[in-house]
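Quick note: the sequence shown, position 220, residue 586 per our numbering, numbers continuous.
Just so it is clear, CB atoms sit at the ideal spot from N, CA and C, and this is done for glycine as well.
If you're wondering where the values come from, they're calculated on a predicted model, not measured in any experiment.
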Amino acid sequence: MTTSTAPSPAVVAEPAFGLLLDVDGPIASPVSRTVAIASIAQDLADMANQGIPVIFNTGRSDDFIAQQVVPPLREAGLRHGTPVFTISEKGAVWAEVTPEGLGEIHIDEELRLPTALGDEVRDMVVERFSGHMFFDETKRAMISVEQRTDVDNDDYLAVQPDFDAAIPLLLDKHDVDQVRIDPTIISTDVEHERLGKDLGAARALELLSARGITPQSWFTMGDSRTDYAMASWLHERGHQVSHVDVRPADGVPETAHPVLTSDTGAIHDDAGAEFLSRWARSLG
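Written as structure tokens, this is what we have:
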């Protein structure tokens, strides 16, 4: 489908719900690192075109969103003026998402790690770990390495602890504190401790408030325990929110808000596609 030439949608001041979505897992396949299920982009574009806020709250870079997420949305007919944003690098970087790409890139400079530290991590990856992982050159604030797509996940996970264990020595060498080491099933992020999905949720509300948009409720979605922070943050501030866990095998914690999982046992982007289609249909 080509980009729609219909007029830009009117702003819906109080949409029925807003979507705050992790990208790896629920939207992009953790295997191919692409939006591999066509209905995902179509349902997201259809909801956004009806005024539903769609906000990607991800550890991924803005470049990943521009390269892997925007093209499928454009092909699905995403229109201008829709309330779609990316909050990347766990709250450090944010931008509007448009059919042509991303708008102005905003960076919180207080949360950017030193360039010299990133350079040394890159050198370490090349010298010791290049057979299993690569250094993410697209990150602007945090430092990330990721499993190579030609490497089996079990093999990557076997060496990931060695990489993680080497980071504190580099932090001491560069006299860097207030840093968190956050491993996932396909990557490790080295990041300022203020970064997180809760910070992303706060930025999401700021972006919508600037447009005069207040969703009546929220759905959040993710594939790890850290993704629960966005739903908890919203709930603690009085918002009605349900969180979708697309990888509940890690265990579903006790929460003060509803937690949803696939009725069919689907995981990752298969589960994400199920819920997105359900929400899109609910709009009629």
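A residue is called buried when at least 16 other Cβ atoms come within 10 angstroms of its Cβ; residue 559 does not meet this threshold and is exposed. Along the region 414 to 465, the alpha helix (DSSP H) occurs as fully enclosed runs of 4 or more residues at 436 to 441, listed in sequence order. Counting only runs of 4 or more residues that sit fully inside the region 603 to 630, no alpha helix (DSSP H) segment turns up. Residue 397 and residue 525 have their C-alpha atoms some 18 Å from each other.
Residues of the same chain with a CB within less than 7 Å of the CB of residue 428, apart from the 5 flanking positions on each side, are 452, 454, 459, 461, 468, 471 in chain order. Per DSSP, residue 547 is one residue of the beta strand (DSSP E) stretching across 545 to 549. Sixteen is the threshold: since fewer than 16 other Cβ atoms of the shown chains lie within 10 Å of the Cβ of residue 648, the residue is exposed.
If you draw a straight line from the Cα of residue 633 to the Cα of residue 404, it is about 16 Å long. Assigned with DSSP and collapsed to three states, residue 558 falls in strand.
The C-alpha of residue 392 lies about 27 Å from the C-alpha of residue 497.
Judged by DSSP in its simplified three-state form, residue 400 adopts coil rather than helix or strand.
Around residue 606, the same chain offers 583 as residues with beta carbons nearer than 6 Å, after the five sequence neighbours per side are excluded. DSSP, reduced to helix, strand and coil, places residue 575 within a helical segment of the structure shown. Rounded to the nearest whole angstrom, the C-alpha separation of residue 444 and residue 406 is 12 Å. Apart from sequence neighbours up to five positions away, the residues of its chain that approach residue 378 with a beta-carbon distance below 6 Å are 417, ordered along the chain. For residue 624, the closest C-alpha among the options 630, 611, 616 is that of 611. CA-CA distance, residue 544 to residue 533, rounds to 13 Å.
Residue range 384 to 387 is occupied by the beta strand (DSSP E) that includes residue 387. Between residue 486 and the set 477, 465, 511, 476, the nearest pair of CA atoms involves 511. A distance of 9 Å or more separates the beta carbons of residue 639 and residue 423.
The Cβ-Cβ distance between residue 587 and residue 390 does not fall below 9 Å.
If you draw a 10 Å sphere on the C-beta of residue 601, you find 16 or more other C-beta atoms in it, and that means buried. In the three-state reduction of the DSSP assignment, residue 582 falls in the coil class, being assigned neither a helical nor a strand state.
Distance from the CA of residue 463 to the CA of residue 531, rounded to the nearest whole angstrom, comes to 37 Å. Apart from the 5 residues on each side of it in sequence, residue 599 sits with its Cβ closer than 6 Å to the Cβ of 564, 567 in its chain, given in chain order. Residue 637 sits in a helix when the DSSP states are folded into three classes.
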